[in-house]
Amino acid sequence: MASSSSPVQVLYESGKSDSDKKRFRSQENYDDEIIVSPEQNENQERPVKRRSDSSYEQSVEERLLGPREREAEPNSIKEKLKQERKTLRIYGYRDVLLEAVESNQVVVIVGDTGCGKTTQIPQYLYEAGYGKKGRIGCTQPHGFTARSAAARVSQEMGVKLGHDVVGYSIPFEDCTSEKTVLRYMTDGTLLHQLYGEPELISYSVLMVDEAHERTLSTDILVGLLKDILPSRTNLKLLISTATLDCAEKICELFDSALVLDIRILSHYPPHHQDDHVFYLEATEANNYLEANYLDAAIRTALEIHENEPSGDILVFLTDRDEIEVAAQQLHQPHQLSICPFYENMPAELEAQFFETTPKGVRKVVLATSIAETFWPTKAGVNYVVDSGFCKNKSYDPSSEKERLQLTRISKASAMLRGSQALLGKCFRLYKRNDHGNPKPEVQRSNLTNVVLTLRHLGVNDSTRFHFLDPPPTEALRKASQLLFALGALNNVGELTEVGERMAEFPVDAMLSKAIVASDQYKCSNEVISIVAMLSAGDHDSVFHHPEDKQVDADNARMHFHSGNVGDHIALLKVYNEWKDANYSAQWCHENYIQIRTMKRARDIRDQLERLLEKVGIELSSNPFDIEPIKKAITSGFFAHSAKVQKTSYIPVKQPPKNLHIHYRSGLARMLPKCVLYHELDLETNQYMRQVTEINSEWLQEVAPYY
DNA sequence: CTCTCCCTT
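For the first sequence, UniProt numbering assigns the number 1 to the initial residue and increments by one for each residue that follows.
Structure follows, in structure tokens:
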């Protein structure tokens, strides 16, 4: 173990006798963080994400209304829900809010996550008659919040979800009908709806919720709404945010907007004032630099275990590696049951969440920031350890490389993390108010698809678009350059027919181009399968390789690579064999394939197939010749081609830099002359993932201007 | 001889 000369070590030893008090200072002043709102108390379910699970909707309803309540008189349920609505904090602002909307086109609402605005405001608007003038839309950054809000609202209104006035529309799930007036959806869904309804003519009110998350879709949507509002004078816009900073930016964008801060005026009974959040003392916090927060988190968890009453612990770390390190170190003390929790976790680990730990055994959940919003069991945890960090994808436009970057979490994230410890304590491994200010996604993303979407919606000069925060000009320029090379823009910068078609597909522009190109190579049937597989998950989420069965898993994987067909064709073979096995779960298990990824690929593929018809591409198939398939892929990915040089690769066009085929590729150590890759690893940007051999002459054929 | 946070059209 580390010697006692390490500042962290000393720190922890000094704190041993008196538990947290020495290291952590409780919040002294009242601060509206970590509010236990009535809604949070009532509506505690945080279901684990189950993509494409058709039984999900029902299970949400069942959780919202326990079995006993379902049997009770419908009227008494209705009465109970009606009373509950009045206890919500937001209820006190009902009239103020409606008045504000009546006399202003744009209203910004500042309120904490979970204060009831998502479920209540659309209902207030409906009750005030806005539903008679058009639809009431409410957008969310995430599909599952849209779905659970709609489920809750349909309960409160006593209507059947999706068959009456309340519905929702999220990826792969359209739960609406002609009767739907109150519609919950994701920002992305609404953005796509703008393709067919540029002025959102069917809506009378729109509420853009959780704008402070600053997702790509939210930012683009808000910018577009700025343009739409002048000609839609009878359209009301509400934007909600948890932070004042974001509210100010929105006000700046819309020349006149009314800001309603529903946090300040609220009053809480004393027991809701929190004395359960502990921060590091300033001098100690300075020791917690990026280098040792993992160590600090592990030690804090152990100290909680030694000094605090029973209750499960949730530790927020940043990635899978850290979780595995922490799991190993915490494994030693008995009476600790360790649960890892991260996206794309193997199914067998997921099962641990639902196992009840034996009496006297404390559960420690080691999670990434996924646990800020998803929570697999109904039971909460008593203790939260917040490292204060997360990992974020970032894009450098000048090198055109994507990387994962360690980032300090925002105040909003810290609040979400802390709110998981409703009745216990939250230990933050940083100073009070020492939050990060993460860049909005639009400033750290590859903008190719953003520019394509904007063009498709008639925004011809993206540098003059109303961004809440402008992206680097270089990123916009690089995006236009790639779109030109792909043939989506012509030499005067107009969207071409190819570009129009590409914009319809909900996948990355280069994949979208491959689909459009598959028309001329008569293999759209195969290409949409490959595109769906590549879009379904990142890197290794298709093949499963458990620690203890590496050899078996490798053998299973290599079966799809027979003939050295390349990783793209291997993915096609995986999809087709799964389909031939009737989409069987057993087949996935036997072949070490992750069924979650496959189900998602199937959903995406179905969607792509429907869109082929929309853009006039015939579903064509040439299963016995892989060359046309590879050519179609090359039409999208010529920019990712590399030529062999001795034992490594150099990009065909771009500053010299050696690349290697990733060891998990079917072509690892094969050294084909010329290859194309889907992506580079985010850590070193040196390893090509998903590699296929191509003929270098094709490059001239598919991208003469590149 | 290396291995990527979380979302979403």
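Every residue, glycine too, gets a C-beta built ideally from N, C-alpha and C. Predicted, not measured: the structure shown is a model, and the values here were computed from it.
In the structure shown, the three-state DSSP call for Gln332 is coil.
For Cys390, the enclosing beta strand (DSSP E) stretches over residues 389 to 396. Counting only the Cα atoms, Glu613 lies some 43 Å from Thr407. Ala242 is the residue among Ala475, Gly311, Ala242 whose C-alpha sits nearest the C-alpha of Thr113.
For Lys117 against Ile90, the beta-carbon gap comes to about 5 Å, under 8 Å, which counts as contact.
Val96 has its alpha-carbon roughly 20 Å from the corresponding atom of Glu84. Per DSSP, the continuous alpha helix (DSSP H) segment holding Lys631 begins and ends at 626 to 637. Between Met533 and Ala601, the beta carbon gap of about 5 Å places them in contact (Cβ cut-off 8 Å). Looking at the backbone, the Cα of Glu324 and that of Tyr383 are separated by about 20 Å. A contact between stretches requires three or more CB pairs, one per stretch, nearer than 8 Å, and the region 625 to 639 fails this requirement with the region 539 to 556.
Secondary structure at Glu178: coil, using DSSP grouped into helix, strand and coil. Distance from the CA of Ser512 to the CA of Ile528, rounded to the nearest whole angstrom, comes to 9 Å. Following the DSSP letters along the chain, one finds Lys249 inside the alpha helix (DSSP H) bounded by residues 244 to 253. About 5 Å separates the Cβ atoms of Ser410 and Pro438, confirming a contact at the 8 Å cut-off. For Leu452, same chain residues with a beta-carbon under 7 Å away, outside a window of 5 residues either side, are Leu483, Ala488, Gly499, Met502, Ala503, Ala509 in chain order. The beta carbon of Leu294 is closer than 8 Å to those of Leu317, Glu322, Val325, Ala326, Ser387 in its chain, skipping five residues each way along the sequence.
Its Cα nearest to that of Thr233, the residue Asn104 stands out among Lys653, Lys431, Asn104. When DSSP reads this structure, Asp261 sits in a beta bridge with Val110. Judged by DSSP secondary structure, Tyr687 falls within the beta strand (DSSP E) whose first and last residues are 687 to 693.
DSSP lists Arg183, Leu206 as the bridge partner or partners of Gly137. Boundaries around Pro122 are those of the alpha helix (DSSP H), 117 to 127, since no beta strand (DSSP E) includes it. His163 sits in coil when the DSSP states are folded into three classes, being neither helix nor strand.
Look at the region 597 to 628 and you find no whole run of beta strand (DSSP E) that is 3 residues long or longer. In this model, Phe353 and Arg403 are separated by some 31 Å (Cα to Cα). Looking at the DSSP output, Pro651 shares a beta bridge with Ala642. For Ser240, the secondary structure class from DSSP, reduced to helix, strand or coil, is strand.
CA-to-CA, the gap between Ile121 and Tyr195 works out to about 27 Å. The continuous alpha helix (DSSP H) containing Tyr293 extends over residues 293 to 307. In this model, Ala146 and Gln140 are separated by some 6 Å (Cα to Cα). Beta-bridge partners assigned by DSSP to Thr407: Cys390. Minimum Cα-Cα distance from Arg610 among the listed residues Phe172, Thr87, Tyr93 corresponds to Phe172. Contact between Leu447 and Ala479 holds, since their C-beta atoms are separated by about 4 Å, short of 8 Å. One thing to note: Val450 has its Cβ within 9 Å of the Cβ of Ile220. If the five residues before and after Ser696 are omitted, its C-beta is found closer than 8 Å to the C-beta atoms of Ser641, Lys643, Val652, Lys673, Cys674, all from its own chain and listed in chain order.
According to DSSP, Pro470 shares a beta bridge with no other residue. Rounded to whole angstroms, the gap between the alpha carbons of Ile629 and Thr692 is 11 Å.
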